[in-house]
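Read the structure below first, then the notes.
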Amino acid sequence: MPRPDLWLALYFPHLCLDLIHQSGEAVADPLVIIEEKGRQQWVHAANRRARQRGIHPLMSLAAALPLCRELITLPRHLFAEQQALETLAGWGLQFTDHVHQPPGEPLILLEIGRSLRLFGGVEALRGRILEALGPLDFQVRAGIAPCPSAARLLARWAPGTTVTDGDALLRLLRKAPLETLEDDPKRQERLRGLGVRTLGDLLRLPRDGLARRLGPELLRELDRLRGWSPDPLPRFNPPARFEHTRHLPFEMDGHHPLLPILESLLQMLAGWLRGRGLGVGRLRVALHHHRRASTPLQVGLLAPSRDAEHLLEVCREVLERTVLEATVTALTVSAQDLSRLAHHQGQTLFTTGAEQQADLRQLLERLRARLGEDAVKRLACVADHRPERAWYSMKMGIGEEGHGGQVHPSTGARPVWLLDPPMAPPCPITPVETDERIESGWWDDGDVRRDYVRASTPAGQSLWLYRDLRNPDGIWYLQGLFG
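In structure tokens form, the structure reads like this:
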């Protein structure tokens, strides 16, 4: 039997202010977000300091300015808000495959009924989602109900409420004030004229009379709210690639103020990647300036990752060695080289070889970011028996493997540390049994004929030496040192 639907609504009541706060500026001063309606400018949102001065949403800017002469005003960016909501919807896909973002509303809806068993129940999943939202630095209110309309209402009116039973939901809805419908003001005035103050009052009225007086749409809305009629919601279709731009309220100078913004964007990217089971191999960070070309930052990884903390560390290294020739007005993060990433199974008691390899890889990625991608290289094998020609250095890149041949199976143990050119041994040695003989290179003017031996110094250091068979003097040459 399929599990019944259960919806979680995440409501972001101060979305536009959150985007300003994430930019790290001016939050300590009275600030309002304004939008134009007709020929007037109106307050859309006010931060805490502005509200303390008596300024509130829906107030005209002309009425607000006399209350606070130092009031900071910023225009509302609807595109930035919608972009943030779409990114949050993509972020939500890590918890469920059914996410809906209602157009024009600062909320997202997640159908979590089918995810409860995976995450350990309603409260465990709710806590997991809110915990994951924390680093994104959004103010959020949550509500859980058997139908999406009710979850949306609870998130706005009774945040933190979880209702899984239809009868319990109906008892709770009856207590909700009429304003929770967010209805047409004229229709609400007519309902108040009928003595309606709560949804319970409204639900007690005859349905036929309500339909005649106020139209059938109100009945359909009430039925959806109680879960009596279907309320199908289209699934959010995430974009094929991640690209998010954060416009800054003020121009910023220097690297340090940009890091909190970058961290917020990378946290959103990490959630977006988890929702699609992907990792990113390369990031492009663009720093935008006023009336001049943006400054591009290319951040490459050695293996796909969706670890926001690690991505930030690598981006920080690249950012700190970047010369900013102008103040920054916006910041864009785009993900490139996406690939499927295996699910991380969690911590184990002992450190595994894979974890040690990941630690080494992250260290190399940070070195590449700090010193430049060409400064950190790896060794690759060449199909040649001559030690000085059996390898070459190559640039490290994501998923790159060594090119060329492999070491011949008959080759003995060889040191990684080779001397160029070979030198005389640091002390007299006693000839020992030949470890390897090489006769090669007659075809490319690099003819060698050598006997290699392994010997030790009195201090215990292990040496790799050879004797040139073309010279009758029998002199030994030191070509390598074993670790």
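Just so you know, we're using the working numbering here: the sequence shown kicks off at 948 and counts up by one. Note that CB positions come from ideal geometry on N, CA and C, so glycine has one too.
For Ser970, which residues from the same chain have a beta carbon less than 6 Å from its beta carbon, with the 5 sequence-adjacent residues on both sides left out? Leu1195, Pro1196 and Ile1208
Rounding to the nearest angstrom, what Cα-Cα distance links Leu1326 and Ser1340 in this structure? 5 Å
So for Gly1067, helix, strand or coil by DSSP? coil
Given a threshold of 16 other Cβ atoms within 10 Å of its Cβ, counted over all protein chains shown, does Glu1312 qualify as buried or as exposed? buried
Is it buried or exposed for Ser1062, if we count other Cβ within 10 angstroms and need 16 for buried? buried
Which full runs of the beta strand (DSSP E) of 3+ residues lie inside the stretch 1042 to 1118, going along the chain? 1054 to 1058 and 1088 to 1092
Residue from Pro1049, Leu978 and Gln1030 whose Cα sits closest to the Cα of Leu1014: Leu978
As assigned by DSSP and simplified to three states, the class of Gly1228: strand
Specify, as a first and last residue, the run of the beta strand (DSSP E) that Trp1338 falls within. Trp1338 to Lys1342
Limits of the unbroken beta strand (DSSP E) element including Pro1243: Arg1239 to Ser1252
Within the same chain, show all residues whose beta-carbon is closer than 6 Å to that of Tyr1399, passing over the 5 residues directly before and after it, in chain order. Asp1382, Glu1383 and Tyr1413
With 16 other CB atoms within 10 Å as the buried threshold, where does Asp1331 fall? buried
Cα separation between Leu1220 and Val1227? 8 Å
Answer with buried or exposed for Trp1104, where buried requires no fewer than 16 other C-beta atoms within 10 angstroms of its C-beta. buried
DSSP state of Ile967, grouped into three classes? helix
Exposure label - Phe1183; buried when at least 16 CB within 10 Å: buried
Leu1005 beta carbon less than 9 Å from that of Val990: yes
Return the first residue and the last residue of the alpha helix (DSSP H) that Cys1262 is part of. Ala1255 to Glu1267
Quick one: what's got a C-beta closer than 7 Å to Ser1241's C-beta in the same chain, skipping five residues either side? Ala1233, Leu1234 and His1235
Cβ neighbour criterion (16 or more within 10 Å) applied to Val1270: exposed
Spatial neighbours of Gln1294 within its chain, please: CB distance less than 7 Å, with the 5 preceding and 5 following residues excluded, ordered by chain position. Reliability fails at Gln1294, whose pLDDT of 38 lies under 50, so the model's placement of it is uncertain and no value is given.
Skipping 5 residues on each side, what residues in its chain have a beta carbon closer than 6 Å to that of Thr1020? Val979 and Ile981
In terms of residues, what are the limits of the beta strand (DSSP E) holding Gly1434? Past the boundaries of the shown model lies residue 1434; the chain is included only from 948 to 1430, so the question cannot be answered.
Ala1425 vs Met1370 beta-carbon contact at 9 Å: With the sequence shown as reference, residue 1425 is identified as Leu, and Ala is not the correct amino acid for it. Yes. Within cutoff.
The beta strand (DSSP E) enclosing Ile1376, as first and last residue numbers: Segment: none, Ile1376 is in no beta strand (DSSP E) and carries neither H nor E.
Buried or exposed: where does Pro1095 fall if 16 or more other Cβ atoms within 10 Å of its Cβ makes it buried? buried
Is it buried or exposed, Phe1026, if we count other Cβ atoms within 10 angstroms and call 16 or more buried? exposed
Can Arg1075 and Ile1091 be called in contact, C-beta distance under 9 Å? no
Going by CA-CA distance only, name the one from Arg1099, Gly1113 and Asp1114 that's closest to Gly1107. Arg1099
Measure the Cβ-Cβ separation of Leu1035 and Leu957 and say whether it is below 9 Å. yes
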